[in-house]
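Going by the working numbering, the letters in the sequence shown line up with residues 2 to 446, in that order.
Yeah, the Cβ is synthetic: ideal placement off N, Cα and C, and Gly gets one too.
Please read these numbers as outputs of a predicted model, since none were measured by experiment.
Following: one structure in structure tokens, then a few remarks.
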Amino acid sequence: MKKFNFIINISILIVLIIIHTNDVQAQNKLSLKDALAITLKENIDIKIKTHELKQAEKQKKIGLLGLLPKVKINGSISANQGESSLEFATPEFPKIENATSESKSINGNIEFSYSLFNGLGSIYTYQKIKNQSDLKSIELSIEIEQILLKTAKQFFDIAFLQEKTTIITDLLLVSKERYNKIKVQNTFGNASKLDLLSAEIDLNKDSIDLMHAKFELDVAKNKFNQTLNNSLNSNFYVENKIRINKNLLFSNLKEETKENNNNILFHQYLIEITKNDKKINSSYILPNVNLSLQYGYNNTESNTSLILNQENLGLTGFINLSWDVFGAIANRKVTQNTRIELESNKLKLTSIKQKIDQEFNTIFKQYQNNINLIDIETRNQLTSEKLFEKAKEEYYQGTLSKNDFRLAQIDVSLSKNRLNKTIYNTKILELDLYRLAGKILEDTL
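As structure tokens, then:
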């Protein structure tokens, strides 16, 4: 059921993806929804997994597994001409030497064959192929979840670096204003050379920081384009306004994770496939019963035979039973290995459940902690701005030292960066919780 829901969701999103990706190239502004839509459409790893799923879907056709009857049309014609010598066992027939001989044979038939019983091996094989196809669907879901989360992380990295660049630019403008004022004051003897050099150092440092931030932003955009497998104009910028769901319920998400987590489903399918293998191996100890029917025409002519012309038209049928009596001995080791593999897969499922449960608890605690941090960092950022405005006023009045002013200037930029980082990290944690619950696709597009 999970597989079919996933395929339906993908089908519904195809139209949305096309609509989004047709417009993004012409836009400078990129939303998270646009980015994820491009990823779903263009990402190479997703394309590879999609092709593997299509191959698996084709493999589970009944006709490829020998479950359908076989119908064959056969026909042949042969002729012979030569000399024959015949010697009979009784003296009643005279010996014939170097007699001209001619013979001709015509055969044609329609053959129907079907395996009535093969220990249910074909049925178990079909069930295995079907489960393998479902497993490929789960693999595709896992790949999409990981790529979407990776895309979101890179998107928010760019958003953070954009904000960081803006913050440093503002910082640089203040440093430039300070430098220009002190330069004028120094000209008139109201500021020392030391004050001017100090302002120049701070201005240069802010300029260097801005260059580094822009470089980091370009690198982040290149990585982002690689994930999208797209060539967006490097001048694009991402939306920095995001909505965080601050009311996620632990119990609801925990239950959804237990039921819908794709890594858990993956290992459950592995167990089912191993059970199929066990049934297939067990079917080898049972007999095989095959039915064959032929309706055909046969005509044979020979001038050297006792019967000059023989013609047959009719139905022929037989049932064949075969039983490999000693096959069970050779199959015993295979069955034992399959049983061991089944137990191993069950242990792996238990282990993955424990790991996912631990991962969920950790991420949810981080999410809750960050929700509280957002409020604290918001208040701290507002306080830092007020402090900076007060420090700026006192500095230009000459009642605050240059070091204290610089500290206030740096503090306000750091508080803004911390707030932005906390917001983006919280959103990523929210998306990671959706991934664990198997719903990141429906909650992001």
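(request) If I'm right that L430 touches N371 with Cβ under 8 Å, what's the distance once you round it to whole angstroms? (result) Along the sequence shown, read from residue 1 onward, the residue named residue 430 stands at position 429. Along the sequence shown, read from residue 1 onward, the residue named residue 371 stands at position 370. Confirmed, about 6 Å.
(message) Let me check understanding here. Comparing Cα to Cα, which of S414, N236 and R179 lies closest to Q398?
(response) Numbered from its first residue, the sequence shown carries residue 398 at position 397. Ranking S414, N236 and R179 by Cα distance to Q398 puts R179 first.
(request) Take the Cβ of I377 as the centre, count every other Cβ of all protein chains shown within 10 Å, and call the residue buried at 16 or more, exposed below. (result) Mapped onto the sequence shown, residue 377 falls at position 376. Looking at its Cβ environment, which holds fewer than 16 other Cβ atoms inside 10 Å, I377 is exposed.
(request) Select from Q163, L204, Q359 and V413 the residue whose C-alpha is nearest the C-alpha of K447. (result) Given that the chain is displayed from residue 2 to residue 446, the structure contains no residue 447 and the question cannot be resolved.
(message) Please list the terminal residues of the continuous beta strand (DSSP E) segment that includes N313.
(response) As a working mapping, residue 313 is identified with position 312 in the sequence shown. N313 -> beta strand (DSSP E) spans N310 to S323.
(message) With three or more C-beta pairs closer than 8 Å as the rule, is the segment 138–146 touching the segment 263–273?
(response) yes
(message) Pairs of beta-carbons, one from the segment 65–82 and one from the segment 105–120, closer than 8 Å: are there three or more?
(response) With the cut-off at 8 Å, the segment 65–82 and the segment 105–120 touch.
(message) Cutting at 7 Å between CB atoms, please list the residues of its own chain near N418, excluding the five before and the five after it.
(response) To locate residue 418, count along the sequence shown from 1; it is residue 417. Answer for N418: K165 and I168, listed in chain order.
(request) For D444, count neighbouring C-beta atoms within 10 Å of its own C-beta (all shown protein chains included) and say buried if the count is 16 or more, exposed if not. (result) Mapped onto the sequence shown, residue 444 falls at position 443. D444 comes out exposed.
(request) Compare the C-alpha of L68 against each of K391, I124 and S32 and name the closest. (result) Residue mapping note: residue 68 aligns to position 67 of the sequence shown, counting from 1. Cα-wise, what sits closest to L68 is I124.
(message) Does the contact criterion of 3 or more C-beta pairs under 8 Å hold for the segment 251–265 versus the segment 40–57?
(response) no
(message) Between which two residues does the alpha helix (DSSP H) holding E462 run?
(response) A query on residue 462 cannot be resolved here, the shown segment of the chain reaching from 2 to 446 and no further.
(request) Throw me the rounded Cβ distance for the A153 and L33 pair, which I believe falls under 8 Å. (result) By one-based count along the sequence shown, residue 153 stands at place 152. By one-based count along the sequence shown, residue 33 stands at place 32. Between the beta-carbon of A153 and that of L33 there is about 6 Å, and that keeps the pair under the 8 Å contact cut.
(request) Would you kindly work out how many angstroms separate the C-alpha atoms of E394 and I209, rounded to a whole number? (result) Here residue 394 refers to the residue found at position 393 of the sequence shown. Here residue 209 refers to the residue found at position 208 of the sequence shown. Distance between the alpha carbons of E394 and I209: 26 Å.
(message) Using a Cβ distance threshold of 8 Å, determine whether the segment 287–299 contacts the segment 142–149, with at least three qualifying pairs required.
(response) Between the segment 287–299 and the segment 142–149, the count of Cβ pairs shorter than 8 Å is below three; the stretches do not touch.
(request) Look at the Cβ atom of N230, then the Cβ atom of I45, and state whether they are nearer than 8 Å. (result) Indexing the sequence shown from 1 puts residue 230 at position 229. Indexing the sequence shown from 1 puts residue 45 at position 44. Contact: yes.
(message) For K215, tell me which candidate among Y285, T170 and N191 has the shortest Cα-Cα distance.
(response) The residue labelled residue 215 in the question sits at position 214 within the sequence shown. When only C-alpha atoms are compared, the closest one is T170.
(request) Give me the Cα-Cα distance between Q367 and D412, rounded to the nearest whole angstrom. (result) Your numbering for residue 367 matches position 366 in the sequence shown. Your numbering for residue 412 matches position 411 in the sequence shown. The alpha-carbon atoms of Q367 and D412 are separated by roughly 25 Å.
(message) Taking only three categories from DSSP, how would you classify I377?
(response) In the sequence shown, counting from the first residue as 1, residue 377 sits at position 376. In this structure, I377 counts as helix in the three-state DSSP scheme.
(request) Answer with buried or exposed for E144, where buried requires no fewer than 16 other C-beta atoms within 10 angstroms of its C-beta. (result) Here residue 144 refers to the residue found at position 143 of the sequence shown. By the neighbour-count definition (other C-beta atoms within 10 Å, threshold 16), E144 is a buried residue.
(request) Please name the residue in I357, F156 and R244 whose C-alpha comes closest to that of D35. (result) As a position in the sequence shown, residue 35 is number 34, starting the count at 1. Nearest option by C-alpha distance: F156.
(request) Assign F237 to one of three DSSP states: helix, strand, or coil. (result) As a working mapping, residue 237 is identified with position 236 in the sequence shown. Of the three classes helix, strand and coil, the one that applies to F237 here is coil, per DSSP.
(request) Have a look at the DSSP bridge pairing and note the partners of G76. (result) In the sequence shown, the residue the question calls residue 76 occupies position 75. According to DSSP, G76 bridges with G109.
(message) Assuming contact is defined by CB atoms lying nearer than 8 Å, are T336 and S283 in contact in what I supplied?
(response) Within the sequence shown, residue 336 is the residue found at index 335, counting from 1. Within the sequence shown, residue 283 is the residue found at index 282, counting from 1. Cβ distance < 8 Å, so T336 and S283 count as in contact.
(request) Note down the Cα distance separating E240 from K131, rounded to an integer number of angstroms. (result) Numbered from 1 along the sequence shown, position 239 holds the residue referred to as residue 240. Numbered from 1 along the sequence shown, position 130 holds the residue referred to as residue 131. Their Cα atoms are separated by approximately 43 Å.
(request) Count the other CB atoms, across all protein chains shown, that sit within 10 Å of the CB of N373; report buried if there are 16 or more and exposed otherwise. (result) The sequence position of residue 373 within the sequence shown is 372, counting from 1. Counting the other CB atoms within 10 Å of its CB gives N373 a total below 16, which places it among the exposed residues.
(request) Determine, using beta carbons only, whether L432 and I441 come nearer to each other than 8 Å. (result) Start at 1 with the first residue of the sequence shown, and residue 432 comes out as number 431. Start at 1 with the first residue of the sequence shown, and residue 441 comes out as number 440. Yes, Cβ-Cβ distance for L432 and I441 is below 8 Å.
(message) Am I right that L173 and Q410 are in contact with their C-beta atoms under 8 Å? What's the rounded C-beta distance?
(response) Sequence index remark: in the sequence shown, residue 173 carries index 172 (1-based). Sequence index remark: in the sequence shown, residue 410 carries index 409 (1-based). Wrong, their Cβ atoms sit about 11 Å apart, outside the cutoff.
(request) Return the chain-ordered list of same chain residues with a C-beta closer than 7 Å to the C-beta of L121, the five sequence neighbours on each side being excluded. (result) In the sequence shown, counting from the first residue as 1, residue 121 sits at position 120. Closer than 7 Å at Cβ, skipping near neighbours: S284.
(message) Going by beta-carbon coordinates alone, are L437 and N262 separated by less than 8 Å?
(response) Along the sequence shown, one-based indexing puts residue 437 at 436. Along the sequence shown, one-based indexing puts residue 262 at 261. Yes. Within cutoff.
(request) Figure out for me which residue from I202, D405, R333 and N236 has the closest Cα to the Cα of V220. (result) On the sequence shown, residue 220 is found 219 positions in, with the first residue counted as 1. Here the closest residue by C-alpha is N236.
(message) Comparing C-alpha positions only, which one of L31, I286, S176 and I39 sits nearest to F406?
(response) Here residue 406 corresponds to residue number 405 of the sequence shown, with the count starting at 1. Residue S176 is the option with its Cα nearest to F406.
(message) So if DSSP puts Y396 in a beta bridge, which residue, or which two residues, is it bridged to?
(response) Taking the first residue of the sequence shown as position 1, residue 396 is located at position 395. BP columns for Y396 are empty, so no partner.
(request) Take the Cβ of S448 as the centre, count every other Cβ of all protein chains shown within 10 Å, and call the residue buried at 16 or more, exposed below. (result) The requested residue 448 does not occur in the structure, where the chain is confined to residues 2 to 446.
(request) Only counting runs of 3 or more residues, tell me where the beta strand (DSSP E) segments fall wholly within the segment 185–263, in order along the chain. (result) none
(request) Buried or exposed for G439, please, with buried defined as at least 16 other CB atoms from any protein chain shown within 10 angstroms of its CB. (result) Residue mapping note: residue 439 aligns to position 438 of the sequence shown, counting from 1. The residue in question, G439, is buried, as its Cβ has 16 or more Cβ neighbours within 10 Å.
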